Amino acid sequence: IHTGEQHGTAMSIIKAVRQVNVEQQSRFARHVLSYYAGREDRTTLAVWGLAFKARTDDIRESPAIFCVQEFSKAGIQVRAHDPEAMPASRQVLGESVTFCQDHYETLDGADGLVVLTDWQQFRNPDFEFVARKLSRPVIFDGRNLYDPRYVRSAGIEYHCVGRPNA
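So the mapping is simple: this note's numbering equals the position in the sequence shown, first residue as 1, plus 89.
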């Protein structure tokens, strides 16, 4: 945006797109936070994915990083895994997050699961295992990776983006 403006190009559409993206991130984070309202300091969330998209370690302007920061600010403990972005995420998030070596490890002691990046290894989890590990089986799917009926059949409450929740 800044470069375009420096070269005399009107960037109003790009600015509007950026604002919509920020609002979507905020809305998703607020939805998760509202679910745990009043008990944030007693909540631990498993987070799958920190990069802004799969197959990269790039976390610049990552919606996942934004959400994790919002959860941490609210007092929620976060246990996170990303196949490639953990080193960069550690530099940004520091001690506010427990970084786990695999995605199933994040579930240990977690009250819910938040899926924020669409990595292949997150696409077909063992939902029955996930349900057993979570103290309250609930998934917040920020990438719409799962079929709500299938998740519900495993006994998991399912919240997704732009579709009915199950």
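In this text, a Cβ means the ideal position worked out from N, Cα and C, and glycines have one as well. All figures in this text were calculated on a predicted structure; none of them were measured in a lab.
*DSSP beta-bridge partners for Arg168?*
Ala135, Thr187
*DSSP state of Val109 mapped onto helix, strand, coil*: Below a pLDDT of 50, predicted positions are generally treated as unreliable, and Val109, at 47, falls in that range; no measurement from the model is reported.
*Might you give, ordered along the chain, the residues of its own chain that have their beta carbon closer than 7 Å to the beta carbon of Gly97, omitting 5 neighbours on each side?*
none
_By alpha-carbon positions, which one of Arg232, Gly127, Gly198, Asn233 ends up nearest to Ile224?_
Before going on, a small fix: residue 224 reads as Ser here, not Ile. For Ser224, the nearest C-alpha among the options comes from Gly198.
_What would DSSP say about Gly201, mapped onto helix, strand or coil?_
strand
*Check whether the Cβ atoms of Thr187 and Trp137 lie closer than 8 Å to each other.*
no
*When you compare each of Tyr247, Glu150, Arg168 to Ser115 by their alpha carbons, which one comes out closest?*
Glu150
*Run of the beta strand (DSSP E) containing Glu246, from where it starts to where it stops*: 246–249
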